[in-house]
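Take a look at the structure below.
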Amino acid sequence: MKGLFVFCLCFHAIAAVRHSWKAFYTGSSGLTEFPEFVALNLLDDEVMGYFDSRTNVFEAKQSWMMESLGQEYIERQTNILRNYPPTFKSNIGIAMTRFNESKGVHIFQFMCGCEWDDETPDTSGYWQYGYDGEDFISFDLNTLSWTASKQQAAITKQKWDSNTAQTAYQKQYLGQECPDWAKKYVTYGSSSLLRKDRPSVSLLQKSTSSPVSCHATGFYPDKATMFWRKDGQELHEDVDHGEILHNQDGTFQMRVDLKLSSVKPEDWTRYDCVFQLNGVKDDIITKLDKAVIRTNEGSGFPLGLVAGVVVGLIVLAVCIAGFFIWRGRNNREQQGFKPAKGSDTSSENSEEQAKMMKTTA
């Protein structure tokens, strides 16, 4: 998620806290070093649960899950998800036939979820499928119909559009059940999800001719902004805003670079970097000062570690979430692509979801 930078009357407005629950399921073929099936659930972009076909066990990734949901919930999710690998394997075979493929590495993906903010009753939901990193078909909650992104999905669209029972379920699931359970999860995990962690802020520089990077790490949640100022006014030129990235401990990091080519040596004291965290009154202000800049030159500060952590995170996300997020979608049918269900959202509805997984359209 990218930071939202809004300039208005010399101060920044930070959006209302937005919550989300997401399920990512991925089936793969031709990857001997990778599980054939992986399921990942995220609450507010933190990993909530994980399952793969090698361990064959659903793992709760948040301590509050055992306290609030109990072992029975974990076992129920395990039993449901154990039914998914054969379905995804079958759907990969169907997709290969649709796309005239006989071998190779292939990825079959599914994503569903819902989002809402804490200031309005409005919610949104999505139900999407993909094949080999591209959109295949998705459910439109407004029209209650399927949108085929590929010509090969036309058969699926026709069959699923005519399945009124499935359409009714998805409308109810995305519009009510998913948000209701996700809100309960947020309540259960409030001590973790609603906490406010302030970051450490550093000024980093690769060399004396490189831009100065104002780097904040360790903050939570990811509703934050950071910008450079001159004489108290935000700069919009000669700055480069980086994306907000995950840290391995569940916190976040971000940076904003200032190009020094436009900064006169005598004007350094007029510049500062400002970090603002949603819900926290006091900003973190860091003056542009050569004495506090950490650089590769002389100090030996390992800037590569910052990139390394990010790359490691991205690899983890790609291998656990991003790999099957691709951009997020998954599943189809032929003589029967089998509709997938997000198993974790409502444990009470898990049996119905499992039935949907096994249904051949």
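Numbering (mature numbering (1 follows the signal peptide of the UniProt record, and there is no 0)) for the sequence shown: -16 to -1, 1 to 345. C-beta atoms are modelled at their ideal positions from N, C-alpha and C, and glycine is treated no differently. All of these numbers come straight from a predicted model, not from anything done at the bench.
Problem - Validate contact between the stretch 259 to 279 and the stretch 222 to 234 using beta carbons, cut 8 Å, 3 pairs - result: Not touching, per the Cβ criterion.
Exercise for the section: From the DSSP output, in three-state form, read off D164 for me. Expected result: Reading the sequence shown from its first residue, position 180 is the one you call residue 164. D164 falls in the helix class under three-state DSSP.
Problem - Cβ shell of F236 (< 7 Å), same chain only, five flanking positions each side left out - result: Here residue 236 refers to the residue found at position 252 when the sequence shown is read from its first residue. Taken in chain order, the residues that qualify are F203, Y204, D206, I228, L229, H230.
Practice task
Tell me, to the nearest whole angstrom, how far the beta carbon of E20 is from that of G33; I am working on the premise that it is less than 8 Å.
Solution key: In the sequence shown, residue 20 corresponds to position 36, counting from 1. In the sequence shown, residue 33 corresponds to position 49, counting from 1. In fact, because the Cβ distance is near 18 Å, the residues do not count as touching under 8 Å.
Exercise for the section: Please go through the same chain and pick out, in chain order, the residues whose beta-carbon is closer than 8 Å to the beta-carbon of I277, but skip the five residues on each side of it. Expected result: Here the question's residue 277 lines up with position 293 in the sequence shown. Result list for I277: L187, L188, Q189, V196, in chain order.
Handout entry: Span of the beta strand (DSSP E) around R239
Key = The residue labelled residue 239 in the question sits at position 255 within the sequence shown. DSSP places R239 inside the beta strand (DSSP E), whose first and last residues are 236 to 242.
Practice task
Could you pull out every residue in the same chain whose Cβ sits closer than 6 Å to the Cβ of residue 355, ignoring the five residues on either side in sequence?
Solution key: Residue 355 lies beyond the range of the chain shown here (-16 to 345); nothing can be said about it.
Practice task
Could you name the residues of the same chain whose beta carbon sits closer than 7 Å to that of A44, not counting the 5 residues immediately before and after it, in chain order?
Solution key: As a working note, residue 44 is residue 60 in the sequence shown. Counting only Cβ-Cβ distances below 7 Å, and skipping sequence neighbours, we find G33, M50, I58.
Practice task
Specify, as a first and last residue, the run of the beta strand (DSSP E) that F92 falls within.
Solution key: Taking the first residue of the sequence shown as 1, we reach residue 92 at position 108. In the DSSP assignment, F92 falls within the beta strand (DSSP E) that extends over 90 to 101.
Handout entry: alpha helix (DSSP H) runs contained entirely in the stretch 165 to 197, provided each spans 4 or more residues
Key = Taking only runs of at least 4 residues, the alpha helix (DSSP H) segments lying wholly in the stretch 165 to 197 are 174 to 177.
Practice task
Taking 8 Å as the cut-off, decide whether the C-beta atoms of residue 354 and F92 are in contact.
Solution key: No answer is possible for residue 354: it lies beyond the span of the chain, which begins at -16 and ends at 345.
Exercise for the section: Return the chain-ordered ranges of every beta strand (DSSP E) run that is complete within the stretch 1 to 82 and spans a minimum of 3 residues. Expected result: DSSP runs (the beta strand (DSSP E)) wholly in the stretch 1 to 82: 2 to 13, 21 to 27, 30 to 36.
Handout entry: Proximity to D215 [Cα-Cα], best of L272, H199, V240
Key = In the sequence shown, the residue the question calls residue 215 occupies position 231. Nearest in C-alpha terms to D215, of all of L272, H199, V240, is L272.
Handout entry: Straight-line gap, F18 to E221 (C-alpha atoms, nearest Å)
Key = The sequence position of residue 18 within the sequence shown is 34, counting from 1. The sequence position of residue 221 within the sequence shown is 237, counting from 1. Near 45 Å, if we compare the C-alpha coordinates of E221 and F18.
Handout entry: Between the CA atoms of H199 and R239 - distance to the nearest angstrom
Key = For the purposes of this step, residue 239 is identified with residue 255 of the sequence shown, where counting begins at 1. For the purposes of this step, residue 199 is identified with residue 215 of the sequence shown, where counting begins at 1. Each residue's alpha carbon lies about 4 Å from the other.
Problem - Alpha-carbon to alpha-carbon, E218 and G109 - result: Here residue 109 refers to the residue found at position 125 of the sequence shown. Here residue 218 refers to the residue found at position 234 of the sequence shown. Looking at the two C-alpha atoms, the distance is approximately 36 Å.
Exercise for the section: Express the C-alpha separation of D29 and R2 in angstroms, rounding to a whole number. Expected result: For this step, residue 2 is matched to residue 18 along the sequence shown. For this step, residue 29 is matched to residue 45 along the sequence shown. Approximately 11 Å between the Cα atoms of the pair.
Problem - DSSP state of K265 mapped onto helix, strand, coil - result: Reading the sequence shown from its first residue, position 281 is the one you call residue 265. K265: coil per DSSP, three-state reduction.
Exercise for the section: Pull up the distance between the alpha-carbon of D36 and that of A79, whole angstroms please. Expected result: Counting from one through the sequence shown, the residue named residue 36 turns up at place 52. Counting from one through the sequence shown, the residue named residue 79 turns up at place 95. Linking D36 to A79 through their CA atoms gives a straight-line distance of about 21 Å.
Exercise for the section: Output the boundary residues of the alpha helix (DSSP H) element that contains D206. Expected result: Walking along the sequence shown from the start, residue 206 turns up at place 222. Here D206 belongs to no alpha helix (DSSP H), and DSSP marks it neither H nor E.
Exercise for the section: With DSSP as the reference, label E227 as helix, strand or coil. Expected result: Taking the sequence shown and counting its residues from 1, one reaches residue 227 at position 243. Correct three-state label for E227: coil.
Exercise for the section: Using 10 angstroms around the beta-carbon of A291, count the other beta-carbons present and answer buried if the total reaches 16, otherwise exposed. Expected result: Along the sequence shown, one-based indexing puts residue 291 at 307. Low per-residue confidence applies at A291: pLDDT is 44, beneath 50, and the placement is therefore not dependable, though the value from the model is reported in the following sentence. Within 10 angstroms of the beta-carbon of A291 lie fewer than 16 other beta-carbons, which makes it exposed.
Exercise for the section: Starting from the C-beta of T62, find all residues in its chain whose C-beta is less than 6 Å away, skip the five residues before and the five after it, and write them out in chain order. Expected result: As a position in the sequence shown, residue 62 is number 78, starting the count at 1. Excluding the 5 residues flanking it on each side, T62 has same chain C-beta neighbours closer than 6 Å at V41, F42, in chain order.
Problem - Close-in-space but distant-in-sequence residues of the same chain around D181 (CB under 7 Å, 5 per side omitted) - result: Locating residue 181 in the sequence shown gives position 197, where the first residue counts as 1. The residues are G202, F203, Y204, T235.
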